[in-house]
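Note that the protein sequences, when read in sequence, are chains A and B.
Read in our numbering, the first sequence has 213 at position 213, and its numbers run on one by one without any break.
Read in our numbering, the second sequence has 1300 at position 300, and its numbers run on one by one without any break.
The block underneath contains the structure these notes are about, expressed in C-alpha cells.
Protein chains: 2
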Amino acid sequence: MKATSFDIAYRAGVSQSTVSRALRNSPLVNEETRLKVQAIAKELNYKVDKNARNLRSQQSNTIALLLFEDPTSDDSQINPFFMSMLGSITRACALEGYDLLVSFQEMANDWHAEYDDTNKADGIILLGYGDYLAYKEKLVHLNEQGTHFIRWGAEVKDMQVSTIGCDNYTGGYQLTQHLLEQGRKQCAFVGTSSHHAPEFRDRYRGYCQSLEQAGIEVDANLQIDALYTEEAGYIATKDLLTRGVKFDALFGACDLISIGAMRALQEHGLAIPKDVAVVGFDDIPMANFTNPALTTAKQDTLLAGQLLVANLIKIINGDAPSTFLIPAKIIERQSSM
Amino acid sequence: MKATSFDIAYRAGVSQSTVSRALRNSPLVNEETRLKVQAIAKELNYKVDKNARNLRSQQSNTIALLLFEDPTSDDSQINPFFMSMLGSITRACALEGYDLLVSFQEMANDWHAEYDDTNKADGIILLGYGDYLAYKEKLVHLNEQGTHFIRWGAEVKDMQVSTIGCDNYTGGYQLTQHLLEQGRKQCAFVGTSSHHAPEFRDRYRGYCQSLEQAGIEVDANLQIDALYTEEAGYIATKDLLTRGVKFDALFGACDLISIGAMRALQEHGLAIPKDVAVVGFDDIPMANFTNPALTTAKQDTLLAGQLLVANLIKIINGDAPSTFLIPAKIIERQSSM
DNA sequence: TTCCCTTTAGTAACGGCTTACGTTACTATT
DNA sequence: AATAGTAACGTAAGCCGTTACTAAAGGGAA
C-alpha cells in the first residue's frame, strides 16, 4: 500500500499538517522535526500524491503541448522541425519544473477546452501549421475563457495573443540576398504566398523585398503553391518544370519542400547548384544530409522552446501577453554555392 | 469562475451526485434527467476537474513516456527513430483515451519513482538507449515497487519485464542476406557488438548467422564499435578506412551510423554502391533522402506504438507482463543495389 | 391489500493534501 | 508580574468529484 502523509505523521508523532509543511521545507517547522519527517518519508518511500496536491492547490504544474499537423498525414511523419521544437520544449519544461503533456490535435477538434479547463494543465503551448482561419477563431475562444496559452508562429493581427516566432521576413530576405550574391537572376519560390500559411507568406515577402531592392521585378510565374511536405514540393516543382518556366535558383518555403524540389530537379536532369541553386527554411536534421547539402535558414529551436515555456509561465503567473521574434540564421551549404 | 458540479446540480434542481452520474452516462439516472443535466453542463461550459476525479478514483488516465537519450547529446537532435516512436505512441494513447506525459530523462536520475508513485500516471513507457546495466538495475526497482511499465527494446534476460521490440536478429540476418545476394563478399559491421547495446548486438548476431550460413568466416577486423550517432558512424568508418581494411559492403547498426559511414566513404573517394554497398537499420525519414538513398530495415513504429500502449494498458488492468517481437522489413534502395 | 422488486435519487463518506486560523509554551519587554 | 510577541504545532475546512448505502415511489403478483 502506498504511504500517505498520515502514515508519516503517525510514525513521527506529529500532525499530518506538520508533515506536509516539513516536506515542503516550510519555515514554520522546526529543523529537527523537519529532518525527522523527511527521514521517515524517505524510509517509507513516500511521494506526494500529485492529484491531491493539485486539487488542493488548484494548479497542476503541468503544461500541455498541442501539436497540430496538416490534415493529410495520419500515420505519416511529423515535420522534423516540430519534432525538434518538441524536444527543446520538453527540456525547457523540465528545467522550469513543469511536466509536459503532449497531444496531437486536428484543428477541427474541441482542443480549445480540454486542458486548461480541466485543471490538467496550467497553460497550453500551441504548435504547428493548420487552417489558419479556423485556428484564429479558436484563439478567440481561448482568450475569452481566460485560458493561459502561448503559440509558435507568425503574429496574429488584431489580437492580443502571446506569440513566439521566427523572423520569417528577414530570413526570407537574407536567403534571397544570398542567392543574388551567387549571381542568380531568376529565383523561383515554391510555397504558398497566401495568408493561410502566414509563415510562408512572410518568407515570401522577404523574398520579394530582396528582389525589388535588387531591381528585379517579382515574376508571378516563378511562384507556385506548395504546403509543408516533401511531396508537395516535388509536385509543385515538377509542375514548374513542365510549364517550361526558366529559373536558376529555387527558394523552398520550408526544407521539406526544398528536398522535394531537389528530387524533382534532379529527376529532370538538372544539376544542383550548377543549374539551379536551392535554398530551404528551418534547418531540419535532414538538410545536412541531402545531396548536395541544403542551404537553409536555421530557426533556433532551442531558444524558441525556452522562450515559449518561460513566457507561458509568465502568463500563468499573471503577466500580460507578449511577443518575440527570433532571428533566423542562414546556413550556407553546397546546394547554393 | 469555473463551474463545478454543484452549480449544475443547483440549476438542474437535482443533487450533485446525480449530476456526476448523469455526466458519466450512468444507467442509474433517468434519461430525461440526464439530458437536462448534460444540457446545463454544456451551457455552463462545464468540464470535469481531472484532479478531483483522479484523486477520487485513484487513477489518472495518463501514461508517462520516459525517453532516454545517450548522454552526449544535450541540446542536439534526438534520434529520429525515437521521434517517430513518440509520434505513434502519442496517437495510440489518444485513441485509447489516455493522456501522455513526456519526459526526457538521463539514466542516472531518479526517474524510476517519479510518475507511477505520485499517481501522475497509471503506467510508464520506457524508450531509448542508455547504459544498459544501470538500466537493468532500475527495472528491478520498478518491478519491486509494483510499478506498471513496459519498455521498447531487446529482451531483458532473467527478468519478468514486458517488452516490445523489433526482431533485430532476423532484420540483421536479412540485411546481410541482401548484401550477399548483391554479390558482396566482405561486409563490414559498424556498431558495437557488446551487450551494452542489446539491439545492436542482436543485429550483429543476425549478420554473423547470415555470413556463416553462406560459408563466410566472420572477420573480427570488419567489425568496429560505434554508438547511435552520425558522428560515431563517421569516425568509426574513417578509422576502418585508415586501417586499410578492405570491404565491399557496410552494415551500419542504425541509420544514423550508416549516414555517417556514407559520408566517410564518399570523402574517401569511394562510390556507393559501386565500391561499397551500404545498409542501415530503422528507416528514419532521412534514409530516403540521402544520396544514394539508404537501404535499411524498417521498424514498424506505428505498430510498435500501438502495441506498447495497448499492452501497457493491459498491465495497468492487472494482466501479466508479455513480450512481443515485431518483424523488420527490408527496404531496398540505391545504396546497396 | 400486502409484499417485493425496480427505478431513480439523495446523503454522506471519502481521496490525500494545503493552509487559514487557533493554541501552547516560551522569551522578551516594561 | 502582567503583557506582548514569537516559534512551532495542531485542528479542521476545504479542493471537487465518485460511489456505497439508503430511501422513496411506482408497479405487479399473490
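The C-beta atom is built at its ideal place from N, Cα and C for all residues, glycine as well.
Does DSSP put V190 (chain A) in a helix, a strand or coil?
To locate residue 190 (chain A), count along the first sequence from 1; it is residue 190. Strand, per DSSP.
Taking 7 Å as the cut-off, is the C-beta of T1295 (chain B) nearer than that to any heavy atom in the ligand ATP?
Absence of the ligand ATP is noted for the structure shown, with no ligands found whatsoever.
With a CB to CB cut of under 7 Å and the five nearest residues on each side skipped, what residues in its chain are close to L1303 (chain B)?
Position 303 of the second sequence, counted from the first residue, corresponds to residue 1303 (chain B). Once the five neighbours on either side are set aside, the close Cβ partners of L1303 (chain B) are I1326.
Compare the Cα-Cα distances from C1093 (chain B) to each of B:F1104, B:G1233, B:A1121 and B:A1188 and report the closest residue.
Looking up residue 1093 (chain B) in the second sequence gives position 93. When C-alpha distances from C1093 (chain B) are compared across B:F1104, B:G1233, B:A1121 and B:A1188, the shortest belongs to B:A1121.
Euclidean distance between Cα positions of A1310 (chain B) and E1096 (chain B):
Within the second sequence, numbered from 1, the residue matching residue 1310 (chain B) stands at position 310. Within the second sequence, numbered from 1, the residue matching residue 1096 (chain B) stands at position 96. Distance between the alpha carbons of A1310 (chain B) and E1096 (chain B) is about 8 Å.
Could you say if the stretch 1174–1186 of chain B and the stretch 1140–1154 of chain B meet the contact criterion of at least three C-beta pairs nearer than 8 Å?
Contact between the stretch 1174–1186 of chain B and the stretch 1140–1154 of chain B is absent: fewer than 3 CB-CB pairs across the two stretches fall below 8 Å.
Helix, strand or coil for V1161 (chain B)? Go by DSSP, reduced to three states.
Counting from 1 along the second sequence, the entry for residue 1161 (chain B) is found at position 161. Of the three classes helix, strand and coil, the one that applies to V1161 (chain B) here is coil, per DSSP.
Whole-angstrom distance between T1018 (chain B) and A1012 (chain B), CA atom to CA atom
Reading the second sequence from its first residue, position 12 is the one you call residue 1012 (chain B). Reading the second sequence from its first residue, position 18 is the one you call residue 1018 (chain B). Those two C-alpha atoms are separated by around 10 Å.
With a cut-off of 8 Å, does the C-beta of V48 (chain A) fall near any C-beta of chain B?
Walking along the first sequence from the start, residue 48 (chain A) turns up at place 48. Chain B contact via Cβ: present.
Between P292 (chain A) and P273 (chain A), which are expected to be in contact by the criterion C-beta below 8 Å, what is the C-beta distance as a whole number of angstroms?
As a first step, residue 292 (chain A) is located in the first sequence; it is residue number 292 there, counting from the start. As a first step, residue 273 (chain A) is located in the first sequence; it is residue number 273 there, counting from the start. At roughly 7 Å, the Cβ-Cβ gap stays under 8 Å, so P292 (chain A) and P273 (chain A) are in contact.
Please report the distance separating the alpha-carbon of T323 (chain A) from that of V156 (chain A).
To locate residue 323 (chain A), count along the first sequence from 1; it is residue 323. To locate residue 156 (chain A), count along the first sequence from 1; it is residue 156. So the alpha carbons of these two residues sit roughly 10 Å apart.
Have a look at B:C1208, B:W1111 and B:R1263 and flag the residue whose alpha-carbon is nearest the alpha-carbon of K353 (chain A).
Since the first residue of chain A shown is 1 and the last is 337, residue 353 (chain A) is not available in this structure.
Expected contact under 8 Å - CB spacing of F251 (chain A) and C187 (chain A) to nearest Å:
Position 251 of the first sequence, counted from the first residue, corresponds to residue 251 (chain A). Position 187 of the first sequence, counted from the first residue, corresponds to residue 187 (chain A). Confirmed, about 6 Å.
Among residues of its own chain, excluding the 5 on either side of Q105 (chain A), which ones have a beta-carbon nearer than 6 Å to its beta-carbon?
Translated into positions along the first sequence, residue 105 (chain A) becomes position 105. Excluding sequence neighbours, Q105 (chain A) sits near L66, F68 and W111.
I want to see whether chain B comes within less than 8 Å of R91 (chain A), judged by CB atoms only; does it?
By 1-based counting over the first sequence, the position of residue 91 (chain A) is 91. Chain B has a Cβ within less than 8 Å of the Cβ of R91 (chain A).
A328 (chain A) at chain B interface by Cβ criterion, 8 Å:
On the first sequence, residue 328 (chain A) is found 328 positions in, with the first residue counted as 1. Interface residue (Cβ-Cβ distance to chain B less than 8 Å): A328 (chain A) is not classified as such.
Give the C-beta separation of S1336 (chain B) and V1278 (chain B) to the nearest angstrom, bearing in mind that I take them to be a contact with Cβ-Cβ under 8 Å.
Your numbering for residue 1336 (chain B) matches position 336 in the second sequence. Your numbering for residue 1278 (chain B) matches position 278 in the second sequence. Contact between S1336 (chain B) and V1278 (chain B) holds: CB atoms are separated by about 6 Å, below the 8 Å threshold.
For Y1234 (chain B), which residues in the same chain have their Cβ closer than 8 Å to its Cβ, ignoring the five residues on either side in sequence?
The count along the second sequence starts at 1 and reaches residue 1234 (chain B) at position 234. Counting only residues of its own chain and dropping the five nearest sequence neighbours on each side, Y1234 (chain B) has a CB closer than 8 Å to the CB of G1260, A1261, R1263 and A1264.
M200 (chain A) burial status per 10 Å Cβ neighbour count (16 or more: buried)
By 1-based counting over the first sequence, the position of residue 200 (chain A) is 200. The sequence as given places Phe at residue 200 (chain A); Met does not occur at that position. Classification for F200 (chain A): buried.
Rank B:Q1174, B:L1086, B:E1332 and B:F1081 by C-alpha distance to the C-alpha of Q1209 (chain B) and give the top, closest one.
Here residue 1209 (chain B) corresponds to residue number 209 of the second sequence, with the count starting at 1. The candidate whose alpha carbon is nearest that of Q1209 (chain B) is B:Q1174.
Applying the 10 Å Cβ sphere with the 16-neighbour rule, what's the burial state of T295 (chain A)?
Locating residue 295 (chain A) in the first sequence gives position 295, counting from the first residue. The residue in question, T295 (chain A), is buried, as its Cβ has 16 or more Cβ neighbours within 10 Å.
Between the alpha carbons of N79 (chain A) and R53 (chain A), how many angstroms are there, rounded?
Indexing the first sequence from 1 puts residue 79 (chain A) at position 79. Indexing the first sequence from 1 puts residue 53 (chain A) at position 53. Rounded to whole angstroms, N79 (chain A) and R53 (chain A) show a C-alpha spacing of 37 Å.
Are the Cβ atoms of L227 (chain A) and A197 (chain A) separated by less than 8 Å?
By 1-based counting over the first sequence, the position of residue 227 (chain A) is 227. By 1-based counting over the first sequence, the position of residue 197 (chain A) is 197. If you check the CB distance, L227 (chain A) and A197 (chain A) come in under 8 Å.
I want to see whether chain B comes within less than 8 Å of D75 (chain A), judged by CB atoms only; does it?
Counting from one through the first sequence, the residue named residue 75 (chain A) turns up at place 75. With a pLDDT of only 47 at D75 (chain A), under 50, the local geometry of the prediction cannot be trusted, and the value read off the model is given with reservation. True, the Cβ-Cβ gap to chain B drops below 8 Å.
Counting C-beta neighbours from all protein chains within 10 Å, is the total for G1244 (chain B) 16 or more, i.e. buried, or is it exposed?
Numbered from 1 along the second sequence, position 244 holds the residue referred to as residue 1244 (chain B). So G1244 (chain B) counts as exposed.
Using a Cβ cut-off of 8 Å, pull out every chain A residue sitting near N1142 (chain B), in sequence order please.
Within the second sequence, the letter at position 142 stands for residue 1142 (chain B). According to the sequence displayed, residue 1142 (chain B) carries Leu and not Asn. Here the premise fails: no neighbours, minimum Cβ distance about 13 Å.
Within its chain, find whatever has a CB closer than 7 Å to the CB of A320 (chain A); leave out the 5 residues flanking it on each side and keep chain order.
To locate residue 320 (chain A), count along the first sequence from 1; it is residue 320. Cβ neighbours of A320 (chain A) beyond the five flanking positions: none.
Given a threshold of 16 other Cβ atoms within 10 Å of its Cβ, counted over all protein chains shown, does A1214 (chain B) qualify as buried or as exposed?
Walking along the second sequence from the start, residue 1214 (chain B) turns up at place 214. A1214 (chain B) should be labelled exposed.
Check for me: the beta strand (DSSP E) holding I387 (chain A) runs from which residue to which?
Chain A is shown from 1 up to 337; residue 387 (chain A) falls before or after that span and cannot be answered.
For S20 (chain A), which residues in the same chain have their Cβ closer than 7 Å to its Cβ, ignoring the five residues on either side in sequence?
On the first sequence, position 20 is the one that residue 20 (chain A) refers to. Closer than 7 Å at the Cβ level, and outside the excluded window around S20 (chain A), lie S5.
Taking 8 Å as the cut-off, decide whether the C-beta atoms of T301 (chain A) and S162 (chain A) are in contact.
To locate residue 301 (chain A), count along the first sequence from 1; it is residue 301. To locate residue 162 (chain A), count along the first sequence from 1; it is residue 162. Between T301 (chain A) and S162 (chain A), the C-beta spacing is not below 8 Å.
Excluding sequence positions up to five away, which residues of its chain have a Cβ less than 6 Å from the Cβ of D99 (chain A)?
The count along the first sequence starts at 1 and reaches residue 99 (chain A) at position 99. The residues T62, in chain order, have a CB closer than 6 Å to that of D99 (chain A) in the same chain once the five nearest residues on each side in sequence are set aside.
Against chain A, which members of the stretch 1278–1296 of chain B pass a CB distance test of less than 7 Å?
Hits within the stretch, in order: P1285, M1286, F1289, T1290 and N1291.
Under 8 Å, do D283 (chain A) and Q306 (chain A) count as touching if we go by C-beta distance?
The residue labelled residue 283 (chain A) in the question sits at position 283 within the first sequence. The residue labelled residue 306 (chain A) in the question sits at position 306 within the first sequence. For the 8 Å CB-CB criterion, D283 (chain A) and Q306 (chain A) do not form a contact.
Test: A1232 (chain B) CB closer than 8 Å to a CB of chain A
Indexing the second sequence from 1 puts residue 1232 (chain B) at position 232. Not an interface residue.
What is the rounded straight-line gap between the Cα of Q1223 (chain B) and the Cα of E267 (chain A)?
One-based indexing of the second sequence puts residue 1223 (chain B) at position 223. One-based indexing of the first sequence puts residue 267 (chain A) at position 267. Roughly 36 Å between the two C-alpha positions.
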